[in-house]
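K.L.:
The numbers in this note's numbering rise by one with no breaks, and the one at position 101 of the sequence shown is 317.
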Amino acid sequence: MSEFDDLFGLGDDLSAPEPAPKPRPKTRAPQPDPAPEFVDRAAEADAKAEQARRLAAQAAELAELAERVSRCGQVQGPQADEKPAEVTAREHVIDRWNRYTTVEQVTRLGLPAGSRLRAIPHGANGVQVQVRVPLGTVLVDAARGVVGLIRAWEWGDYAAAPVDASRFTLTRGIVGEDPAQPWRAAGKTAAAIYAQDTAEGKKVSRLLFERAGLTVKKSDGSVLAPRILAREIGPRGPELLVRLPGGLSVRDAVKAEGTLASLFRCPDLRCEAEGTHLRIKLNTRPAVAFPKFVHMEPTQFWLPHSPEQRFVVAPKLVLPVGVTAAGERIEVPLAKRPHVVIAGTSGAGKTRSILTMITGLALQGAAVAIGAFKVDPDLEFLYGARMPGVVHYSTTIGGISRLLLWLRDELERRSALMPLLARRGISRPVWEPVVVFIDEWGQGLDELLGSADPAERGAGAAMVNVASKIFAQGRSFALHLVLSTQHTYASAIPGRIAQNAATRIVFGRPKPGPAGPIEVLFKDDKAAAVEAAEGITDGMRGRGIVADAAGKVQQFQAHYGYTPAEHPETAGDAELAASWARTRDALERTPRVRRWGWRFPLDGSGEWQGWSLFPGDRTTGELPTVAQLPVVVLDGIDGRPDRAAGRWDPLSDAYDPGVPLLNPDHIAPASY
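#1: Could you have a look at PHE480 and say whether DSSP puts it in helix, strand or coil?
#2: Just how far apart, CA to CA, sit GLU628 and TRP622?
#3: Can at least three beta-carbon pairs, one atom from the segment 548 to 567 and one from the segment 705 to 721, be found at a separation below 8 Å?
#4: Identify the continuous beta strand (DSSP E) that holds TRP924 and give its terminal residues.
#5: How long is the line joining the alpha carbons of THR492 and VAL466, rounded to whole angstroms?
#6: At a cut of 8 Å, does the segment 381 to 393 reach the segment 334 to 348 through at least three beta carbon pairs?
#7: To the nearest angstrom, report how far apart LEU533 and ALA582 are at their CA atoms.
#8: Which value, in whole angstroms, describes the spacing of the CA atoms of GLN689 and GLY822?
#9: Using the C-alpha atoms, what's the distance from ASP740 back to GLY729?
#10: Please report the residue range of the beta strand (DSSP E) in which ALA585 lies.
#11: Consult DSSP for PHE723 and reduce its assignment to one of helix, strand or coil.
#12: Starting from the Cα of VAL639, find the closest Cα among ALA276, ARG757, LEU867 and give me that residue.
#13: Name the two residues that bound the continuous beta strand (DSSP E) containing PHE772.
#14: Helix or strand or just coil, what does DSSP make of TYR609?
#15: Nearest CA to the CA of LEU327: which residue from PRO337, HIS308, ARG360?
#16: Mind checking HIS308: buried by the 16 CB within 10 Å criterion, or exposed?
#17: Can you list, in chain order, the residues of its chain with a C-beta nearer than 7 Å to that of ALA551? Leave out the 5 residues immediately preceding and following it.
#18: Tell me which residues share the same chain as THR612 and place their Cβ nearer than 8 Å to its Cβ, disregarding the 5 neighbours each side in the sequence.
#19: In this structure, does DSSP put ILE883 in helix, strand or coil?
#20: Given 8 Å as the limit, is there contact between the segment 634 to 650 and the segment 692 to 700, that is, 3 or more CB pairs closer than that?
#21: With a Cβ-Cβ cutoff of 9 Å, do THR799 and GLY832 count as a contact?
#22: Once DSSP output is grouped into helix, strand and coil, what is the label at PRO784?
#23: What residue range does the alpha helix (DSSP H) around PHE527 cover?
#24: Nearest to ASP380 by alpha carbon, out of ARG367, PRO604, VAL349, TRP371?
#25: Look up SER700 in the DSSP assignment and say whether it is helix, strand or coil.
#26: Can you tell me which of PHE772, ALA843, GLU750 puts its alpha carbon nearest to the alpha carbon of ASP484?
#27: According to the neighbour-count rule (16 or more other Cβ atoms, all chains shown, within 10 Å of its Cβ), is ASP789 buried or exposed?
#28: Which value, in whole angstroms, describes the spacing of the CA atoms of VAL762 and PRO866?
#29: Let me confirm a value: ASN879 is counted as buried when at least 16 other C-beta atoms fall within 10 Å, else exposed. Which label applies?
#30: CB TRP371 to CB ARG312, shorter than 9 Å?
#31: For the segment 661 to 681 against the segment 572 to 586, do three or more pairs of beta-carbon atoms, one drawn from each stretch, fall closer than 8 Å, so that the two count as touching?
#32: Within 10 Å of its beta-carbon, does LEU423 have 16 or more other beta-carbons around it, so buried, or fewer, so exposed?
#33: Tell me whether VAL379 sits in a helix, a strand or coil according to DSSP, three-state version.
#34: Pick helix, strand or coil for GLY658, following the three-state DSSP scheme.
#35: Helix, strand or coil for LEU386, going by three-state DSSP, please let me know.
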């Protein structure tokens with residue numbers, strides 16, 4: 217075989233199969249560089265320029281509005297409760313003595329001309345009159361004459377004592393009720409405890425705590441006993457604040473409640489933890505009863521009668537809650553405590569009370585938007601009746617998500633306007649007050665976050681993020697969020713929301729346990745909340761507890777006020793019917809606020825109702841969001857419905873939101 221043949225494979229048997237070629241090593245094909253994402257800088261610049269022009273125009277409008285507001289005239293303010301100031305018996309006696317200032321009045325007391333006197337408090341419940349007479353006056357005779365005269369006038373018994381050559385005092389140790397009287401009325405044991413400084417009092421105190429198991433025996437045989445820090449009169453009678461001995465926890469001490477009730481012979485006695493101390497309440501007086509109906513009157517509020525006056529009232533906006541057992545109104549100043557969580561079991565009157573709250577806000581000129589995870593006919597009726605101030609109503613995931621997005625967008629818009637207004641010398645703009653209610657928030661959120669569908673879980677998480685931002689930043693811009701819930705699970709009221717809820721309200725008897733409303737909403741005030749809820753039973757409608765404007769937890773009875781869903785003629789009580797009629801008339805004088813909604817697709821599919829704030833992720837893929845739903849104004853500047861917006865207006869016959877596909881296999885057999 218020649219080298220030529222060998223080189224080119226010639227000379228071999230051509231009929232033999234060719235050997236399989238050796239596989240070539242794999243090489244990765246060169247990948248082209250990813251195309252850079254195209255950013256239309258010109259379009260972006262145009263959008264920013266348009267936004268700047270729009271914000272500048274809005275700032276000019278707000279500046280002009282502020283000028284009109286400053287000239288809009290006086291707003292009708294709330295009428296003060298016509299309660300005379302309470303004057304104690306001691307204050308009355310001191311005032312009576314101090315009226316004797318003229319020569320004629322002094323001589324009527326039997327004192328020589330030129331005498332001077334001054335009455336001051338003395339001790340816990342007494343009065344002392346300091347008398348100065350001219351030099352040369354016989355003090356004994358002057359004092360004896362005054363004491364005899366005032367005794368004849370039935371001013372009480374006073375003890376006279378000299379101070380120096382020209383002064384003496386008249387002292388009455390107790391004026392009005394003897395502070396020991398409530399303790400004596402509570403029984404011999406309580407009376408002895410009040411007189412603790414006496415030998416008998418010390419003996420009774422020692423035996424009482426010993427028999428109640430509140431003492432601690434040390435290894436050396438000595439005994440540590442509780443120390444009484446304060447003896448006070450509470451709403452239901454005598455109370456003791458006790459410092460416990462070392463080695464005895466307040467949790468264990470509370471368990472002595474039954475024994476103490478027996479020893480004091482006070483069957484309603486209660487023991488409560490107060491920090492590391494123990495408070496013993498004898499509860500010898502009956503609990504104060506609430507009225508059958510708590511009226512809400514227009515005269516409680518600042519009432520705007522023009523569009524400009526709404527902005528005057530905005531900083532004074534209050535959320536009406538109800539009254540305490542003492543008849544004191546509880547109103548939440550939203551400028552200071554801007555966001556609210558309302559919890560309550562079914563049948564506790566929560567929704568009815570919310571209707572009254574919305575009426576109260578409408579009277580004050582607030583714009584109220586409602587989102588409801590559960591369709592409620594009465595809430596829907598507020599919107600359907602065109603109640604002044606109620607500007608929006610949504611009941612779907614898409615609608616409620618868009619409502620929260622609207623609130624966030626409005627927050628960002630107002631924030632962006634601040635520096636523009638500052639350049640105009642406006643540091644406190646006149647923002648329109650907006651209050652958004654989300655009813656059954658807990659149930660809706662719990663279902664979303666607990667869903668097996670990752671898209672629904674994402675929708676719930678996005679809602680929490682937006683609500684948390686509003687709770688943290690909304691106050692400065694007059695944007696307020698009220699969340700109503702039956703459930704207080706961690707998934708229903710996440711910590712970010714519970715911690716920023718300036719006002720917490722619970723309707724009905726609070727359920728115990730780690731997921732109960734007291735544990736979740738009153739984590740730092742558990743003892744006070746438990747005490748405030750005492751006496752609330754199942755079936756009480758409108759009764760609840762609230763942390764008031766001062767942060768104190770109190771029991772209250774909610775207002776039973778007018779709502780368009782109920783006519784005054786149906787009130788069933790003459791006074792209540794008259795109150796409702798006054799509220800209805802006042803609402804008619806309240807300025808109208810333009811309604812708004814969402815410009816959803818008109819394809820009839822209704823798919824937008826299931827959209828959310830969640831744009832999707834690797835699990836779900838890209839999802840449509842409610843950011844694709846523009847806002848549509850439903851009313852004209854005159855407050856009348858805009859026909860051109862009818863297909864997006866729930867109150868229009870042309871309204872066409874579409875209907876999502878239903879289960880075709882579902883059957884509801886008819887029996888008619």
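By construction, the Cβ of each residue, glycine as well, lies at the ideal position given by its N, Cα and C atoms.
P.N.:
The relevant details are as follows:
#1: Position 264 of the sequence shown, counted from the start, is the residue given in the question as residue 480. Three-state DSSP puts PHE480 in a helix.
#2: On the sequence shown, residue 628 is found 412 positions in, with the first residue counted as 1. On the sequence shown, residue 622 is found 406 positions in, with the first residue counted as 1. Approximately 10 Å between the Cα atoms of the pair.
#3: yes
#4: This structure leaves residue 924 out entirely; the chain is present only between 217 and 888.
#5: As a working mapping, residue 492 is identified with position 276 in the sequence shown. As a working mapping, residue 466 is identified with position 250 in the sequence shown. Their Cα atoms are separated by approximately 6 Å.
#6: yes
#7: Locating residue 533 in the sequence shown gives position 317, counting from the first residue. Locating residue 582 in the sequence shown gives position 366, counting from the first residue. About 8 Å.
#8: In the sequence shown, residue 689 corresponds to position 473, counting from 1. In the sequence shown, residue 822 corresponds to position 606, counting from 1. If you take the alpha carbons of GLN689 and GLY822, they lie about 33 Å apart.
#9: Against the sequence shown, residue 729 aligns to sequence position 513. Against the sequence shown, residue 740 aligns to sequence position 524. So the alpha carbons of these two residues sit roughly 15 Å apart.
#10: One-based indexing of the sequence shown puts residue 585 at position 369. Where ALA585 is concerned, the enclosing beta strand (DSSP E) stretches over 583 to 588.
#11: Taking the sequence shown and counting its residues from 1, one reaches residue 723 at position 507. DSSP places PHE723 in strand when its eight states are reduced to three.
#12: Residue 639 sits at position 423 when you count from the first residue of the sequence shown. Per the sequence shown, residue 639 should be read as Arg rather than Val. The shortest C-alpha separation from ARG639 is found at ALA276.
#13: Start at 1 with the first residue of the sequence shown, and residue 772 comes out as number 556. Looking at the DSSP string, the run of the beta strand (DSSP E) that includes PHE772 is 769 to 774.
#14: Working through the sequence shown from its first residue, we reach residue 609 at position 393. In this structure, TYR609 counts as strand in the three-state DSSP scheme.
#15: The residue you call residue 327 lines up with position 111 of the sequence shown. If we check each option's Cα against that of LEU327, ARG360 comes out closest.
#16: Taking the first residue of the sequence shown as 1, we reach residue 308 at position 92. Looking at its Cβ environment, which holds fewer than 16 other Cβ atoms inside 10 Å, HIS308 is exposed.
#17: The residue given as residue 551 occupies position 335 in the sequence shown. Correct list, in chain order: PRO531, LEU533.
#18: Looking up residue 612 in the sequence shown gives position 396. The residues are GLN825, GLY826.
#19: Looking up residue 883 in the sequence shown gives position 667. ILE883 falls in the coil class under three-state DSSP.
#20: yes
#21: Residue 799 sits at position 583 when you count from the first residue of the sequence shown. Residue 832 sits at position 616 when you count from the first residue of the sequence shown. No, they are not a contact pair.
#22: Taking the sequence shown and counting its residues from 1, the one referred to as residue 784 is at position 568. Three-state DSSP puts PRO784 in a helix.
#23: Taking the sequence shown and counting its residues from 1, the one referred to as residue 527 is at position 311. Its alpha helix (DSSP H) spans residues 523 to 529.
#24: Walking along the sequence shown from the start, residue 380 turns up at place 164. Selected option, being the one with the closest Cα: VAL349.
#25: Within the sequence shown, the letter at position 484 stands for residue 700. Of the three classes helix, strand and coil, the one that applies to SER700 here is strand, per DSSP.
#26: Locating residue 484 in the sequence shown gives position 268, where the first residue counts as 1. It is GLU750 whose Cα lies nearest to the Cα of ASP484.
#27: On the sequence shown, position 573 is the one that residue 789 refers to. So ASP789 ends up on the exposed side.
#28: Residue numbering aside, residue 762 sits at position 546 when the sequence shown is read from its first letter. Residue numbering aside, residue 866 sits at position 650 when the sequence shown is read from its first letter. Their backbone Cα atoms lie some 35 Å apart in a straight line.
#29: Taking the first residue of the sequence shown as position 1, residue 879 is located at position 663. Result: exposed.
#30: Residue mapping note: residue 371 aligns to position 155 of the sequence shown, counting from 1. Residue mapping note: residue 312 aligns to position 96 of the sequence shown, counting from 1. Result yes, Cβ atoms of TRP371 and ARG312 sit closer than 9 Å.
#31: no
#32: In the sequence shown, the residue the question calls residue 423 occupies position 207. Exposed: under 16 other Cβ atoms inside 10 Å.
#33: Here residue 379 refers to the residue found at position 163 of the sequence shown. The answer is strand: DSSP assigns VAL379 an E or B state.
#34: To locate residue 658, count along the sequence shown from 1; it is residue 442. In this structure, GLY658 counts as helix in the three-state DSSP scheme.
#35: Taking the first residue of the sequence shown as position 1, residue 386 is located at position 170. In the structure shown, LEU386 sits in a strand (DSSP, three-state: E or B).
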